[in-house]
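Novice: Going by the numbering used here, 169 is the number at position 167 of the sequence shown; the sequence numbering is gapless.
Glycine included, C-beta positions come from ideal geometry on N, C-alpha and C.
What you are looking at is a predicted structure, and each value in this text was computed from that prediction instead of being measured.
Encoded as structure tokens, here's the structure I'll be asking about.
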Amino acid sequence: MAERGTDTTTTPARDGQQAPGVLQTVDRALLVLLTFTEQRPEWGVSELARHHGWDKAVVQRLLTTLSARGFLLCDDNSRRYRPGPALSRLARVSEHSGVLSSISRPILARLLRETGESIVLNVPHGGSYRCEAAVDGTGPVRYTAIIGAVMPGHAGASGHTIFAYHPEREIRQMFGATGLTRFNDRTITELDALLTCYAQVRADGYCISHGEYDEAVTAVSAPVFQGDGVPASLTVIGPSHRVDRAADILVTLVRAGAAEITAALGG
């Protein structure tokens with residue numbers, strides 16, 4: 003018989019192992035919140051109960067409690083729940099606290115030592131992407147990234163590895179309403195070609211771009227995952243004559259680095 007929401011000091015972790023010292027009710031509430039994703043932003047009580055294998059009454063109480071604190075909102079007509087304003091406030095706090103940069107900094111530094119090229123961590127910024135953290139390469143000719151700089155989302159591997167995992171309807175809203183700016187002959191300017199590129203990124207798990215924004219630059223990028231979303235991309239970027247020659251090893255290194263950041267974020 004399922005327990006009726008009583009706190010215990012031990013509960014099975016997500017992998018089925020016992021996690022000592024964890025309050026079960028709190029853990030379940032957090033698991034409920036983590037069930038809401040970009041792909042599945044709304045849930046009903048029965049759906050959540052089936053998804054987690056919990057008693058329906060327990061799920062209802064969890065949802066009611068989370069709604070009372072503003073973490074969820076309930077539609078009065080459909081009785082379905084979606085993320086609330088308290089989650090948005092925490093997301094803003096997290097973004098401004100520099101957690102992602104702090105987690106990533108040692109990985110960027112190690113990749114710089116291993117490759118000698120500039121390493122950049124980018125995050126989505128509307129239909130663009132923004133440089134969240136970076137270290138410059140060591141060579142006399144190198145790519146220099148500016149923290150806070152915003153780049154066009156459709157041009158280059160960093161943007162491709164972020165937006166490849168967005169729902170297609172969002173991609174069409176972001177990039178389909180107006181024409182895609184051409185920076186040179188290598189820039190992707192057709193929406194269908196961009197969607198094809200994204201499909202290839204998802205199949206490969208990385209992206210290499212050759213001068214789509216700056217003709218002299220090649221970038222190798224991999225997505226950082228958190229849940230079902232991609233909060234960042236990790237990119238090795240530098241002069242084409244060097245990066246092209248080392249592309250195979252750079253793919254391996256950048257994917258490993260992105261996987262480390264993903265693990266640190268609990269992805």
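How about Val47 and Gln26: do their beta carbons lie closer than 8 angstroms?
Specialist: For the purposes of this step, residue 47 is taken as the residue at position 45 of the sequence shown. For the purposes of this step, residue 26 is taken as the residue at position 24 of the sequence shown. It is not a contact, given that the beta carbons lie outside the stated cut-off.
Novice: Near Glu40, what residues of its chain come up, given a Cβ to Cβ distance below 7 angstroms and the 5 sequence neighbours on each side ignored?
Specialist: Your numbering for residue 40 matches position 38 in the sequence shown. The answer, listed in chain order, is Pro169, Asp230, Gly231.
Novice: According to DSSP, simplified to helix, strand and coil, what is Pro108?
Specialist: Walking along the sequence shown from the start, residue 108 turns up at place 106. Note: Pro108 maps to helix in three-state DSSP.
Novice: With respect to the alpha helix (DSSP H) encompassing Glu262, which residues constitute its N-terminal and C-terminal limits?
Specialist: Against the sequence shown, residue 262 aligns to sequence position 260. From DSSP, the alpha helix (DSSP H) with Glu262 extends over 249-266.
Novice: Check this for me: beta carbons of Leu123 and Ala234, under 8 angstroms apart or not?
Specialist: In the sequence shown, counting from the first residue as 1, residue 123 sits at position 121. In the sequence shown, counting from the first residue as 1, residue 234 sits at position 232. Result yes, Cβ atoms of Leu123 and Ala234 sit closer than 8 angstroms.
Novice: Are Gly259 and Leu113 closer than 8 angstroms when you measure CB to CB?
Specialist: Along the sequence shown, read from residue 1 onward, the residue named residue 259 stands at position 257. Along the sequence shown, read from residue 1 onward, the residue named residue 113 stands at position 111. Against a cut-off of 8 angstroms, the Cβ pair of Leu113 and Gly259 comes out as a contact.
Novice: Would DSSP call Tyr145 helix, strand or coil?
Specialist: Along the sequence shown, one-based indexing puts residue 145 at 143. It is coil, neither helix nor strand.
Novice: To the nearest angstrom, how far is the alpha carbon of Glu192 from that of Arg247?
Specialist: For this step, residue 192 is matched to residue 190 along the sequence shown. For this step, residue 247 is matched to residue 245 along the sequence shown. Roughly 29 angstroms between the two C-alpha positions.
Novice: Compute the minimum distance between the beta carbon of Val122 and the heavy atoms of the ligand FMN, and state whether it is under 7 angstroms.
Specialist: The ligand FMN is not part of this structure, which contains no ligands at all.
Novice: Provide the residue(s) that pair with Arg132 in DSSP beta bridges, ordered along the chain.
Specialist: Here residue 132 refers to the residue found at position 130 when the sequence shown is read from its first residue. According to DSSP, Arg132 bridges with Val125, Val152.
Novice: Measure the C-alpha to C-alpha separation of Val143 and Val137 and round it to an integer number of angstroms.
Specialist: Stepping through the sequence shown from its first residue, residue 143 is reached at position 141. Stepping through the sequence shown from its first residue, residue 137 is reached at position 135. If I take the Cα positions, the gap works out to 14 angstroms.
Novice: When DSSP labels each residue in this structure, what does His162 get in the three-state scheme?
Specialist: On the sequence shown, position 160 is the one that residue 162 refers to. Three-state DSSP puts His162 in a helix.
Novice: Once DSSP output is grouped into helix, strand and coil, what is the label at Pro225?
Specialist: On the sequence shown, residue 225 is found 223 positions in, with the first residue counted as 1. Strand at Pro225.
Novice: Determine the burial state of Pro87: buried for a count of at least 16 other Cβ atoms within 10 Å of its Cβ, exposed for fewer.
Specialist: Translated into positions along the sequence shown, residue 87 becomes position 85. With fewer than 16 other Cβ atoms within 10 Å, it is exposed.
Novice: Report the residue ranges of all alpha helix (DSSP H) runs contained in full by the segment 44-106; include only those spanning at least 4 residues, in chain order.
Specialist: Qualifying alpha helix (DSSP H) stretches, in chain order: 47-54, 58-70, 87-99.
Novice: Are the CB atoms of Cys209 and His243 nearer to each other than 8 angstroms?
Specialist: Position 207 of the sequence shown, counting from 1, holds the residue named residue 209. Position 241 of the sequence shown, counting from 1, holds the residue named residue 243. Cβ atoms of Cys209 and His243: not closer than 8 angstroms.
Novice: Under three-state DSSP, which class holds Val232?
Specialist: Taking the first residue of the sequence shown as 1, we reach residue 232 at position 230. In the structure shown, Val232 sits in a strand (DSSP, three-state: E or B).
Novice: When DSSP labels each residue in this structure, what does Ile173 get in the three-state scheme?
Specialist: Position 171 of the sequence shown holds residue 173. Note: Ile173 maps to helix in three-state DSSP.
Novice: For Arg257, which residues of its own chain have a beta-carbon under 7 angstroms away from its beta-carbon, when the five flanking residues on both sides are left out?
Specialist: If you number the sequence shown from 1, residue 257 lands on position 255. Here the set comprises Gly207, Tyr208, Ala224.
Novice: My output table needs one value for Val137: the three-state DSSP class, helix, strand or coil.
Specialist: Counting from 1 along the sequence shown, the entry for residue 137 is found at position 135. In this structure, Val137 counts as strand in the three-state DSSP scheme.
Novice: Going by the DSSP bridge assignment, what does His212 pair with across the sheet?
Specialist: In the sequence shown, counting from the first residue as 1, residue 212 sits at position 210. Answer by DSSP bridge pairing, in chain order: Thr220.
Novice: Between the segment 143-154 and the segment 171-181, do three or more beta carbon pairs fall short of 8 angstroms?
Specialist: No contact exists between the segment 143-154 and the segment 171-181.
Novice: Please classify Ser106 as buried or exposed, where buried requires at least 16 neighbouring CB atoms within 10 angstroms.
Specialist: Position 104 of the sequence shown, counting from 1, holds the residue named residue 106. Buried, because 16 or more other Cβ atoms sit within 10 Å of the Cβ of Ser106.
Novice: Please state if the CB of Leu75 and the CB of Leu35 are separated by a distance shorter than 8 angstroms.
Specialist: To locate residue 35, count along the sequence shown from 1; it is residue 33. To locate residue 75, count along the sequence shown from 1; it is residue 73. Against a cut-off of 8 angstroms, the Cβ pair of Leu75 and Leu35 comes out as no contact.
Novice: For Ala157, which option in Tyr200, Ala261, Gly118, Ala265 has the closest C-alpha, if you only look at C-alpha atoms?
Specialist: Here the question's residue 157 lines up with position 155 in the sequence shown. Comparing Cα-Cα distances from Ala157 to each of Tyr200, Ala261, Gly118, Ala265, the minimum goes to Tyr200.
Novice: Which residues mark the beginning and the end of the alpha helix (DSSP H) in which Val34 is found?
Specialist: As a position in the sequence shown, residue 34 is number 32, starting the count at 1. Start and end: 26-37.
Novice: Tell me the DSSP secondary structure of Thr189 in three-state form.
Specialist: Your numbering for residue 189 matches position 187 in the sequence shown. Here Thr189 sits in coil by DSSP.
Novice: With His168 as the anchor, note down where its alpha helix (DSSP H) starts and where it stops.
Specialist: Mapped onto the sequence shown, residue 168 falls at position 166. Here His168 belongs to no alpha helix (DSSP H), and DSSP marks it neither H nor E.
Novice: Out of Gly240, Ala205, Phe227, which one is the CA nearest neighbour of Glu217?
Specialist: Sequence index remark: in the sequence shown, residue 217 carries index 215 (1-based). Measuring from the Cα of Glu217, the nearest candidate turns out to be Gly240.
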